[in-house]
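Novice:
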Ligand SMILES: [Zn+2]
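In the working numbering, the protein residues as written are 1225 to 1557.
Dropping the structure here:
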């Protein structure tokens, strides 16, 4: 495994570049694929200067002229460590930027001018986060991002011709509503984006902008991956790996355990999601990590409700309670 900032060949015609990110994840892996009418870039990194330095040094290590040799830029999802560098790369290379069609609108809504942090603050507060923490977190997490002027749509199921690689676009919801993966069946290669990672579990969150039931959609996607022909998995973070079905099963079990733990918290009485998140995610968390913990907790509470194990009560704040403790939910009362 190459260090952060360096490039490595991971398969014929496919290179992995580790871009630094100013987040606890430390790096995001982007991919460069040669073939066809030029290079294809998969993901772009976080919008800050070290990203661009590494793009320049990584490209020159492979003899790529960024101005002339890039045919297309594929962005797997709207998160800032994946889409953040797309405007810089688009301007530098002149290559078109592609996302799954509904993700284009989603990215503009979340990062565009006037999107504002206020609805985000309100949502955090409604779920029990103290107002001053919510305001500070929102200012950092929803401060806007310069996106490419033009982003072009990819469609689910579409097959791309990248020369030596002919991957199909597979939607991968849950971590982001309109994330996609690239799967080359003949070569058994999966570009997994952030859907299946080896040493960490992807964040599955119910965010203010999320579509409903993210954990259900994620678990369904994981399940469908078990039958996929892929013995080389190229993820957005962490090491490259091989046992896709095994890792998918492990992550699925992790969520079952999480659901059980959160149900146990609710069995001791109704609670706001923020209070549940503080019990489920212990240790010292940064401000942003507390937001991720809250969103992840909400996704699980929402799933418990879907499974008929918990009841959501609207209010300020919203609370969840165990189905067993909910007198209204019992027949005959
Ligand atoms: Zn992500």
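Glycine residues also receive a C-beta, built at the ideal position from the N, C-alpha and C atoms. Since the model is a prediction, treat every value here as computed from it, not as a measurement.
Given a cut-off of 8 Å on the beta-carbon distance, is the pair residue 1345 and residue 1433 in contact?
Specialist: No.
Novice: Is residue 1303 near ligand 1, going by C-beta to nearest heavy atom under 7 Å?
Specialist: Residue 1303: yes, Cβ under 7 Å from ligand 1.
Novice: Mapping the DSSP letters down to three states, classify residue 1513 as helix, strand or coil.
Specialist: Three-state DSSP puts residue 1513 in a helix.
Novice: Which class does residue 1296 belong to by DSSP, given the choice of helix, strand or coil?
Specialist: Here residue 1296 sits in strand by DSSP.
Novice: Give me the Cα-Cα distance between residue 1273 and residue 1381, rounded to the nearest whole angstrom.
Specialist: Spanning the two alpha carbons is a distance of roughly 35 Å.
Novice: Ordered along the chain, which non-local residues of its own chain (more than five positions away) have a Cβ less than 6 Å from that of residue 1442?
Specialist: Excluding sequence neighbours, residue 1442 sits near 1398 and 1428.
Novice: Can you tell me the Cα-Cα spacing of residue 1285 and residue 1239, whole angstroms?
Specialist: Going by the C-alpha atoms only, they are around 11 Å apart.
Novice: Which residue wins for smallest C-alpha separation from residue 1510, given the options 1318, 1248, 1368 and 1531?
Specialist: Considering only alpha carbons, the answer is 1248.
Novice: Where residue 1426 and residue 1282 are concerned, what is the direct C-alpha to C-alpha distance, given to the nearest angstrom?
Specialist: About 26 Å.
Novice: Would you say the beta carbon of residue 1418 is closer than 7 Å to some non-hydrogen atom of ligand 3?
Specialist: You won't find ligand 3 in this model; what it holds is ligand 1.
Novice: Does the Cβ-Cβ distance between residue 1483 and residue 1524 come in under 8 Å?
Specialist: Against a cut-off of 8 Å, the Cβ pair of residue 1524 and residue 1483 comes out as a contact.
Novice: Could you give the residue range of the beta strand (DSSP E) that holds residue 1253?
Specialist: Where residue 1253 is concerned, the enclosing beta strand (DSSP E) stretches over 1251-1257.
Novice: Taking only the alpha-carbon atoms, compute the straight-line gap between residue 1377 and residue 1541 and give it to the nearest angstrom.
Specialist: Taking the straight line from one Cα to the other gives about 39 Å.
Novice: Taking residue 1468 as part of the alpha helix (DSSP H), name the residues at either end of that continuous run.
Specialist: Here the alpha helix (DSSP H) through residue 1468 covers 1468-1491.
Novice: Is any heavy atom of ligand 1 found at a distance shorter than 7 Å from the C-beta of residue 1407?
Specialist: No, the beta carbon of residue 1407 sits no closer than 7 Å to any heavy atom of ligand 1.
Novice: My understanding is that residue 1389 touches residue 1370, with C-beta atoms under 8 Å, so please give their C-beta distance in whole angstroms.
Specialist: Actually they are not in contact, since the Cβ atoms of residue 1389 and residue 1370 sit about 30 Å apart, beyond 8 Å.
Novice: Would you say the beta carbon of residue 1399 is closer than 7 Å to some non-hydrogen atom of ligand 1?
Specialist: Flag set: Cβ of residue 1399 near ligand 1.
Novice: Which runs of the beta strand (DSSP E), 3 residues or longer, sit entirely within the region 1289-1356?
Specialist: With a minimum length of 3 residues, the continuous beta strand (DSSP E) runs that stay inside the region 1289-1356 are 1294-1298 and 1321-1324.
Novice: Less than 8 Å between the C-beta atoms of residue 1449 and residue 1468, yes or no?
Specialist: Cβ distance < 8 Å, so residue 1449 and residue 1468 count as in contact.
Novice: Beta-carbon separation of residue 1491 and residue 1435 under 8 Å?
Specialist: No, they are not a contact pair.
Novice: Starting from residue 1441 and walking both ways along the alpha helix (DSSP H), at which residues does that stretch end?
Specialist: It spans 1438-1449 - the alpha helix (DSSP H) in which residue 1441 sits, taken as one unbroken run.
Novice: Determine the DSSP secondary structure at residue 1230, reduced to helix, strand or coil.
Specialist: Residue state, collapsed to three classes: coil.
Novice: In terms of residue numbering, what span does the beta strand (DSSP E) encompassing residue 1459 cover?
Specialist: Note, residue 1459: beta strand (DSSP E), 1456-1459.
Novice: For residue 1325, which residues in the same chain have their Cβ closer than 6 Å to its Cβ, ignoring the five residues on either side in sequence?
Specialist: If we look at residue 1325 and ignore the five residues flanking it on each side, its Cβ neighbours are 1377.
Novice: Examine ligand 1 and report whether any of its heavy atoms sits within less than 7 Å of the Cβ of residue 1527.
Specialist: Checking the Cβ of residue 1527 against ligand 1 gives no.
Novice: For residue 1307, tell me which candidate among 1502, 1404, 1361 and 1543 has the shortest Cα-Cα distance.
Specialist: Cα-wise, what sits closest to residue 1307 is 1404.
Novice: Using 10 angstroms around the beta-carbon of residue 1395, count the other beta-carbons present and answer buried if the total reaches 16, otherwise exposed.
Specialist: Buried, by the Cβ-count rule.
Novice: Residues in the same chain with beta-carbon distance under 6 Å from residue 1366, minus the five sequence neighbours each way, listed in chain order, please.
Specialist: Excluding positions up to five away in sequence, the list reads 1341 and 1344.
Novice: Can you have a look at residue 1532 and say buried or exposed, based on whether 16 or more other CB atoms are within 10 angstroms of its CB?
Specialist: With fewer than 16 Cβ atoms within 10 Å of its Cβ, residue 1532 is classed as exposed.
Novice: Cβ-heavy atom distance between residue 1306 and ligand 1 below 7 Å?
Specialist: Because some heavy atom of ligand 1 lies under 7 Å away, the Cβ of residue 1306 counts as near it: yes.
Novice: Just to confirm the assignment, what range does the alpha helix (DSSP H) spanning residue 1242 have?
Specialist: From DSSP, residue 1242 is part of no alpha helix (DSSP H) but of the beta strand (DSSP E) over 1238-1244.
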